[in-house]
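A.B. asks: Under full-length UniProt numbering, think of the first position of the sequence shown as 1, with each following residue one higher.
The beta carbon of each residue, even a glycine, is placed where N, CA and C say it ideally should be.
This is the structure I have questions about; it appears just below.
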Amino acid sequence: MEGEKFVHNNYLTRNVWSGLFFGFGLIAFFDEAVFHQLLHWHHFYDKSTREIGLVSDGFFHAFSWFATIAGLFMVADLRRREAWMVKRWWGGVLLGAGIFQLYDGLIQHKIFGLHQIRYVDNVIYYDWVWNVTALIMIIAGGVLLKATGKKSQRIRESKIHGA
Numbered sequence: 001m002e003g004e005k006f007v008h009n010n011y012l013t014r015n016v017w018s019g020l021f022f023g024f025g026l027i028a029f030f031d032e033a034v035f036h037q038l039l040h041w042h043h044f045y046d047k048s049t050r051e052i053g054l055v056s057d058g059f060f061h062a063f064s065w066f067a068t069i070a071g072l073f074m075v076a077d078l079r080r081r082e083a084w085m086v087k088r089w090w091g092g093v094l095l096g097a098g099i100f101q102l103y104d105g106l107i108q109h110k111i112f113g114l115h116q117i118r119y120v121d122n123v124i125y126y127d128w129v130w131n132v133t134a135l136i137m138i139i140a141g142g143v144l145l146k147a148t149g150k151k152s153q154r155i156r157e158s159k160i161h162g163a
């Protein structure tokens, strides 16, 4: 019974980590594709030449690629073990995307000053939308994780007690 609890909790955690990695990569891909490449609002590092900005975007792209692939390899393993919990995974994706976006908005944009969302006079409006969107994703992910954790706990208890 204790071994079953450990394995089950391990899969709950692995579903979250898989979602977190995929969420980091997904939002980073979106940021790079939309704000860096399509809209040309900024590069990952804007305190140097355009060439350095493009190189920094390349490193940023590599990070997002590795995070996404790591998350997908974890999903493949969970599916092989028949332990992939889709709603719990989506909770991790939303949480990861929100955490990354909030980190980007607060740490990279404001504390380190690597770049701004957009170089305009009233950047505060962009900052608010960016960071509030991140908080919404974090809250939605947290709600999904809390709900799927309780549901999984009830299912496991019913199997243990034979109900």
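Indicate the three-state DSSP secondary structure (helix, strand or coil) for Leu-39 in the structure shown.
C.D. replies: As a position in the sequence shown, residue 39 is number 39, starting the count at 1. Three-state result, Leu-39: coil.
A.B. asks: In terms of alpha-carbon separation, which member of Ile-139, Asp-46, Val-129, Phe-35 lies closest to Gly-91?
C.D. replies: Along the sequence shown, read from residue 1 onward, the residue named residue 91 stands at position 91. Comparing Cα-Cα distances from Gly-91 to each of Ile-139, Asp-46, Val-129, Phe-35, the minimum goes to Ile-139.
A.B. asks: Which of the three DSSP states is assigned to Gln-116 in this structure?
C.D. replies: Residue numbering aside, residue 116 sits at position 116 when the sequence shown is read from its first letter. Coil, per DSSP.
A.B. asks: Give the C-beta separation of Asp-127 and Gly-105 to the nearest angstrom, bearing in mind that I take them to be a contact with Cβ-Cβ under 8 Å.
C.D. replies: Walking along the sequence shown from the start, residue 127 turns up at place 127. Walking along the sequence shown from the start, residue 105 turns up at place 105. 6 Å between Cβ atoms; contact.
A.B. asks: If you draw a straight line from the alpha carbon of Tyr-125 to that of Asn-15, how long is it in whole angstroms?
C.D. replies: One-based indexing of the sequence shown puts residue 125 at position 125. One-based indexing of the sequence shown puts residue 15 at position 15. In a straight line, the C-alpha of Tyr-125 is about 35 Å away from that of Asn-15.
A.B. asks: Would the beta-carbon of Gln-108 fall within 8 Å of that of Leu-102?
C.D. replies: Position 108 of the sequence shown holds residue 108. Position 102 of the sequence shown holds residue 102. The answer is no: Cβ separation not under 8 Å.
A.B. asks: Beta-carbon separation of Val-132 and Leu-26 under 8 Å?
C.D. replies: Counting from one through the sequence shown, the residue named residue 132 turns up at place 132. Counting from one through the sequence shown, the residue named residue 26 turns up at place 26. The answer is no: Cβ separation not under 8 Å.
A.B. asks: Would you check if the distance between the CB atom of Met-85 and the CB atom of Thr-148 is smaller than 8 Å?
C.D. replies: Walking along the sequence shown from the start, residue 85 turns up at place 85. Walking along the sequence shown from the start, residue 148 turns up at place 148. Result yes, Cβ atoms of Met-85 and Thr-148 sit closer than 8 Å.
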